[in-house]
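Under my numbering, the letters of the sequence shown match residues 10 to 97, in that order. In this text, a Cβ means the ideal position worked out from N, Cα and C, and glycines have one as well.
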Amino acid sequence: MKQRIFILIVSLFLPVLLLAQEEPNWEIIGQMPVPVKGAQAVVKDTLIYVIGGYTDNTYSATNLIQVFNPLQNTWEVLSDTLKFQRYG
Numbered sequence: 010m011k012q013r014i015f016i017l018i019v020s021l022f023l024p025v026l027l028l029a030q031e032e033p034n035w036e037i038i039g040q041m042p043v044p045v046k047g048a049q050a051v052v053k054d055t056l057i058y059v060i061g062g063y064t065d066n067t068y069s070a071t072n073l074i075q076v077f078n079p080l081q082n083t084w085e086v087l088s089d090t091l092k093f094q095r096y097g
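As structure tokens, then:
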């Protein structure tokens, strides 16, 4: 009985231990048209919307909505679509 319990415990935790040893890999993909900080991000369907933010070099707030399509690795700027500038 003890042997069965031991085998059950090992079989449950062994996959978890093996997966936990893998190092996470990060990869830089796509170049954002207007790099921003302090933006808000929303995911809808397969698209990632980056709303507002401020630019690195001038710290000016933007009124842009930028869309990233991870399936095609492409960015699109939806013009100046916000009626106000937003960051944070």
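- Under the DSSP definition of a beta bridge, N78 partners with T83.
- Here Q40 carries a coil assignment [DSSP, helix/strand/coil].
- Spanning the alpha carbons of R13 and L21 requires a straight line of approximately 12 Å.
- Excluding sequence positions up to five before and after T55, its CB lies within less than 6 Å of the CB of L80, all in the same chain and listed in chain order.
- Per DSSP, the unbroken beta strand (DSSP E) holding Y58 starts and ends at 56-60.
- For A50, the beta-bridge partners assigned by DSSP are V59.
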